[in-house]
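Peer 1: Using the numbering used here, the first residue of the sequence shown is number 196, and each one after it goes up by one.
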Amino acid sequence: MGSTSKTKQNALGLMEGFRQWKAMGEGGTSHSWAGYLSNLSAEKTMAFGVDDTIKPGFYDKPKKRATGWRQATEEQKANATKSFLKEPLPVRPGPRARAKRFVYPQRERNAADPQDPVVKQAYLEAFDKLGEINSEYTEWKTSAMEKHGRALFIKPSLPLTPLAGPTSREVCHIHGTDLSGHVTLSFTDAEEVISKGWGERHRLSGTDWIHLGFTMLYVPNTVEETQIFARIFQAGIDYMRSG
């Protein structure tokens with residue numbers, strides 16, 4: 196009797212988890228039971244813990260955590276550990292946002308949650324402009340990380356650091372579901388973004404699957420915040436094109 200009750204509870208918990216996972220919308224894997232079970236498998240076998248994504252000091256030992264570190268040149272290692280932000284970020288005001296508990300897709304909000312149309316328009320326009328002003332180095336393609344949606348990639352004609360190998364040259368993207376996003380940053384800039392409250396690590400960052408500097412950016416709350424996020428995206432572009 197007890198075993199039957201526990202099995203039923205486990206099944207109900209699995210169904211509720213699937214419902215919450217699916218509410219985030221598409222991204223990163225099949226939007227189905229197979230995708231959800233893949234997420235659960237990654238959580239058990241390779242992902243860092245939910246709270247590890249905002250802990251400081253994660254980038255202090257890149258030799259241990261960064262895929263491609265041994266293959267990188269001294270210049271590439273130096274670029275990975277310096278800042279490409281034009282100026283320090285401000286501390287983000289208000290309570291800290293957090294990603295939902297799932298490994299992938301990594302989102303802050305559900306797809307059905309309302310979006311401020313003014314903020315959304317300003318953010319997407321700023322993102323489009325990044326492609327224009329960096330057209331010498333970047334190109335638009337379907338996101339390799341998300342499997343759908345637009346993303347900026349470093350052009351194949353440019354050299355790429357082995358540290359960024361898992362990204363397939365993808366620099367950044369914005370999720371149409373909730374306006375959170377991802378960007379590959381230098382380790383120093385990733386630490387800055389996280390410590391100032393603008394984002395957090397992906398739970399697979401620092402594994403063979405994802406670059407150590409792959410960082411989630413939270414949803415902008417105001418038009419002014421979209422410009423700060425654009426600065427962070429630009430830092431990612433400048434890092435990735437550094438070779």
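Even for Gly, the Cβ is constructed at its ideal location relative to N, Cα and C.
(1) Among residues of its own chain, excluding the 5 on either side of residue 413, which ones have a beta-carbon nearer than 7 Å to its beta-carbon?
(2) Which term fits residue 388, buried or exposed, when burial requires 16 or more other beta carbons within 10 angstroms of its beta carbon?
(3) Which residues in the same chain as residue 401 place their Cβ atom closer than 6 Å to its Cβ, once the five residues preceding and following it in sequence are excluded?
(4) Give the DSSP-derived three-state secondary structure of residue 394 in the structure shown.
(5) Determine the closest residue to residue 434 out of 381, 409, 390, with distance taken between C-alpha atoms.
(6) Please state if the CB of residue 372 and the CB of residue 220 are separated by a distance shorter than 8 Å.
(7) May I ask which residues mark the beginning and end of the alpha helix (DSSP H) holding residue 335?
(8) Alpha carbons only, please: which of 431, 417, 377, 398 is nearest the one belonging to residue 288?
(9) Can residue 242 and residue 398 be called in contact, C-beta distance under 8 Å?
(10) What is the rounded straight-line gap between the Cα of residue 349 and the Cα of residue 312?
(11) Taking the C-alpha atoms as reference points, what is the distance between residue 336 and residue 306?
(12) From this set, 365, 216, 391, which residue's C-alpha is nearest residue 228's C-alpha?
(13) Between the Cα of residue 248 and those of 437, 424, 390, spot the shortest distance and give me the residue it belongs to.
(14) For residue 321, collect the residues of the same chain with a Cβ closer than 8 Å to its Cβ; drop the 5 residues on either side in sequence, then sort them by chain order.
(15) In chain order, what residues of the same chain have a beta carbon less than 8 Å from the beta carbon of residue 196, not counting five sequence neighbours either side?
(16) List the endpoints of the continuous alpha helix (DSSP H) containing residue 249.
(17) What residue range does the alpha helix (DSSP H) around residue 313 cover?
(18) Taking its Cβ as the centre, do 16 or more other Cβ atoms sit within 10 Å of residue 427, making it buried, or is it exposed?
(19) CB-CB under 6 Å to residue 319, same chain, minus the five flanking residues each way: which ones, in chain order?
Peer 2: Quick answer:
(1) The residues are 292, 303, 375, 393, 394.
(2) Classification for residue 388: buried.
(3) Only 260, 407 meet the Cβ criterion.
(4) Residue 394: strand per DSSP, three-state reduction.
(5) The residue with the shortest Cα to Cα distance from residue 434 is 381.
(6) Closer than 8 Å, so yes.
(7) That residue, residue 335, is in no alpha helix (DSSP H); its beta strand (DSSP E) goes 333–337.
(8) It is 417.
(9) In contact: residue 242 and residue 398 (Cβ atoms closer than 8 Å).
(10) Using only the alpha carbons, I get a separation of about 29 Å.
(11) Taking the straight line joining both Cα atoms gives about 22 Å.
(12) Checking every option, the nearest Cα to that of residue 228 belongs to 216.
(13) If we check each option's Cα against that of residue 248, 390 comes out closest.
(14) The beta carbon of residue 321 is closer than 8 Å to those of 421, 422, 424, 425 in its chain, skipping five residues each way along the sequence.
(15) Unreliable positioning characterises residue 196 in this predicted model, as indicated by a pLDDT of 49, which lies under 50. The coordinate reading is nonetheless provided below. Nothing listed; no residue qualifies.
(16) Per DSSP, residue 249 lies in no alpha helix (DSSP H) segment and is marked neither H nor E.
(17) Element bounds for residue 313: 312–328.
(18) With 16 or more other Cβ atoms within 10 Å, it is buried.
(19) Correct list: empty, nothing qualifies.
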